[in-house]
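Shown next, in structure tokens, is the structure this report addresses.
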Amino acid sequence: MLDRMMSRRALLTGGVLGAAGLVARGQVLDATEEDLPVPNSHDPSLAAMNGQVIDSSIDPLAFLEHFDYGVESKLPDGRTLREYELTVVDREIEVAPGVMYSAWTFNGQVPGPTIRATEGDVMRIRFSNAGSHPHTAHFHGIHVANMDGVYEVVEPGDSYTYEFTAAPAGLHLYHCHAFPLKRHIAKGLYGTFIVDPLTPRPAAREMVMVMNGFDTNFDGSNEIYAVNTVPFAYHSNPIPVRRGELQRLYLVNALEFDLINSMHLHGNFFNVFRTGAQASADFTDTLMFCQGERHILEFTYNDPGKFMFHAHQSEFAELGWMGVFDVTGQTVAE
Amino acid sequence: MTGRQWAWALLPGALLFGLVVAVTQTGLLDRLRGAFPPVEELTVERVTLAPGLISLAVVNGGPEPVTIAQVSVDEAFRQFTMAPSTTLNRLGRATIAIPYAWVQDEAHLVTLLTSTGLTFEHPIPLAVETPTTDSSSLGLLTLIGIFVGVLPVAVGLLFLPLISRLPEDRFEVMLALTAGLLIFLGVEALFEALETAAEVPAAFQGTALVLLGSLGAFLTLQLASPGAPFQTGADGRLAAGWFIALGIGLHNLGEGLAIGAAYAIGEAALSAFLVTGFMIHNTTEGLAIVAPVAKDHPRLTTLAGMAALAGLPTIVGAWIGGLAFTPTLATLFIAVGVGAIAQVVALLFRMFSRSGEGIWRPSIAGGVLAGLAIMYVTGLLVR
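Those protein sequences? They're chains A and X, same order as listed.
Everything in the first sequence is counted per our numbering, starting at 1 for the first residue and increasing by one.
Everything in the second sequence is counted per our numbering, starting at 1001 for the first residue and increasing by one.
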């Protein structure tokens, strides 16, 4: 109908008059565009947020390469004892610029500290609950039943000490296992647990990324996606990478609500060490993660420039799970 | 009033003021409020689409200030600008501009994320460029108004020769038929007003606007219409014709508003089917105007004047609807139309009752039902 109306209008005004009208209109539009500059809406930088996160509980670039080895000592039998402190604290965190979220945190941060030990070390984790709900710390790995952090629910104000031998070597996670599980995990109670093999992995630049998200309106789906809590953090502040240097990424999926998550690396392929296995299982540029799944990715960039990485669920990417590796410097070969 | 009366009038006000102060200043309010988080409310009143740009006019209809922290379109966060501020106080308004390459004729979803993490979603069911005040858009809206408002009413007036040749008893049936048409229009518009009222920001109280608009129009027109002794002769019928024209005009203002708004948001309520339907439907409005005066050989200028009064507001409505639609405005306008129509129906029934035989006659009942039936059948063309 509109077309028909237009054609009718063209008929009515028609001919020279109509042509003159079109020219006049074009000029008016040009003038308007000069007066009110409209940015090119296809600009990739516009797929981002307004402002910067100030109070997220972690510094994304510092968190990326920070590992908590605990307080180290020797046991009489010669084994290494590592002692850690984990305290649950309720805390408001900024999950997007200007958006506050009432999180439940390990040690006041989301994700919790990246806990690291070597295969065979004795781990002693003193867990305190300074929050408002009962919580636990459930470590993935091999241990006895009462160290599993499920039935030994720790009430607010109480504490519990978990002790087990670090095993097996690989990449794991820990999270609260109090019920309702989904709420306890989604509110921020998760972290990375790395067990290094007795034979060390090859030297590399190491990073840890926890894929997560936040359901800020409690409708059972995430409004915000990220790695390491801050959406677009490594997009606004790219991660510096040296040409030719082996990169080892400990990548953990702690996302709730969405069944799967993924990682896609631009301009490169990576070796996949599933759950931190000793041998690479795959060589790819896109990898799928179920909830709780985690893999070590190894890759090397030989060319300089900015290379994006993000979830290949485009929705997650544009809601915050997007970052950039900024490759600079001389290659080792050169 | 005497000084004493003034004092008594002021007493309740003073007492109320004291109570308000007591509640707000003693911390009682905080206790009532408890630990509940603030209930945020936000209404998107209008979306404007320009090439590469989505603009939203938002109003805070809730009791607490709302801050828009982030905006996403189609589940992707986007940069945006907001004026005058990202924080809206109670009843505050702002405009959000989001550079976005929206796709012609497709649907989009804008999500506003507030500082407390709440989300407000606003769908764009069909993206088309919003008409601007340039001559092309105004021309098109005018054309729509002419097609659905002015022309059908004018065509309806052509029933005049037919009605003027009807015998006296049939003439009253035609008036009753007119009443039926108007009752249908009025009730339908009332529901439309209440529907639109649901989209009005809570603070502006949509239902109250419907009541104020409709009863305001009804009472004003009722007081303005010829009082007792009501003229039953040609003058009375002429006055009835003018009042019907005015009532329909006010109704058409609201209708034009709705059509203009539908056009603006690309809800092509403007399929050929619908515009044709509106034309046929609205032809009955001309019939309603001409029925009371048909026997009195009205002058052509009188008829033209009535047609203009009833039809031209459609164009004005289409302009407002296309260029500055808000649910609040629409609710008020449609409600005014409801009141105006109700007043005309009351006027017609007064005419029936003055004929001395009361209104409960088969001819009246049959006419009213026939009018409703005509509207139902022509209404099939607009659904």
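Heads up, the beta-carbon is just placed ideally off N, CA and C, and yes, glycines get one too.
Being a predicted model, the structure only gives us computed values, none of them experimental.
Chain X has a Cβ within less than 7 Å of the Cβ of E318/A. At a cut-off of 7 Å between beta carbons, L255/A makes no contact with chain X.
For G213/A, the closest of L1250/X, G1117/X, V1344/X by C-alpha to C-alpha distance is G1117/X. Only those residues of the stretch 72–101 of chain A whose C-beta falls short of 8 Å from the nearest C-beta of chain X are listed: V95, A96, P97, G98, V99, M100, Y101. Distance from Q1343/X to L1221/X at the Cβ level is roughly 4 Å; contact confirmed, criterion being Cβ atoms closer than 8 Å. Straight across, the Cα-Cα distance linking H42/A with A1101/X is about 6 Å. For the stretch 135–200 of chain A, the continuous beta strand (DSSP E) assignments of 3+ residues that do not extend past its boundaries occur at 159–165, 170–175, 190–196, in sequence order.
Scanning chain X for C-beta atoms nearer than 7 Å to the C-beta of N50/A yields Q1070, Q1079, F1080, reported in chain order.
At a beta-carbon threshold of 8 Å, none of the residues of chain X lie near T229/A; the nearest stands roughly 14 Å away. The beta carbon of P1362/X sits no closer than 7 Å to any beta carbon of chain A. Taken in chain order, the complete alpha helix (DSSP H) segments of 4 or more residues contained in the stretch 60–123 of chain A are 60–64. With the criterion set as a beta carbon lying under 8 Å from some beta carbon of chain A, the members of the stretch 1041–1070 of chain X are A1050, P1051, G1052, L1053, T1067, A1069, Q1070, in sequence order.
L1126/X sits in coil when the DSSP states are folded into three classes, being neither helix nor strand. For A279/A, the closest alpha carbon among the candidates R91/A, L75/A, Y151/A, A169/A is that of A169/A. At a cut-off of 7 Å between beta carbons, S41/A contacts chain X.
Counted as a single uninterrupted DSSP element, the alpha helix (DSSP H) harbouring H235/A occupies residues 233–236. Closer than 9 Å at the C-beta level to chain X, one finds these residues of the stretch 206–229 of chain A: F214, D215, T216, N217, F218, D219, E223, I224.
When C-beta atoms of the stretch 155–168 of chain A are compared with those of the stretch 116–123 of chain A, three or more pairs fall below 8 Å, so the two segments count as touching. In this structure, the alpha-carbon of N302/A lies about 10 Å from that of V241/A.
At a cut-off of 7 Å between C-beta atoms, A1308/X does not count as an interface residue with respect to chain A. Judged by pairs of C-beta atoms under 8 Å, the stretch 101–119 of chain A touches the stretch 185–199 of chain A, as three or more such pairs exist. Within chain A, no C-beta atom comes less than 8 Å from the C-beta of L1126/X; the nearest is roughly 12 Å away. Excluding the 5 residues flanking it on each side, T1328/X has same chain C-beta neighbours closer than 6 Å at V1200, F1204, in chain order. Here F1017/X is exposed. Its C-beta has fewer than 16 other C-beta atoms within 10 Å. Secondary structure in the stretch 243–289 of chain A: the beta strand (DSSP E) runs of 3 residues or longer, each lying completely within the stretch, are 247–253, 260–265, 270–274, 282–284 in chain order.
Put simply, the CB of P1099/X is near chain A, with a gap under 7 Å to one of its CB atoms. If you look at H1251/X, you'll find it in the alpha helix (DSSP H) that goes 1234–1264.
In the structure shown, G213/A adopts extended strand secondary structure according to DSSP, grouped into three states. Judged by DSSP in its simplified three-state form, F218/A adopts coil rather than helix or strand.
T1048/X has its alpha-carbon roughly 39 Å from the corresponding atom of M288/A. Judged by their CB atoms, K187/A and W104/A are nearer to each other than the 7 Å cut-off. DSSP places L1323/X inside the alpha helix (DSSP H), whose first and last residues are 1300–1324. Distance check between G131/A and each of G157/A, V95/A, E223/A places G157/A closest, using alpha-carbon atoms only.
Proximity of chain A to G1241/X at the Cβ level (cut-off 9 Å) is not reached, the minimal Cβ distance being about 32 Å. Secondary structure note for A1069/X: its beta strand (DSSP E) is the uninterrupted segment 1066–1073.
In the DSSP assignment, I1359/X falls outside any beta strand (DSSP E), carrying neither H nor E.
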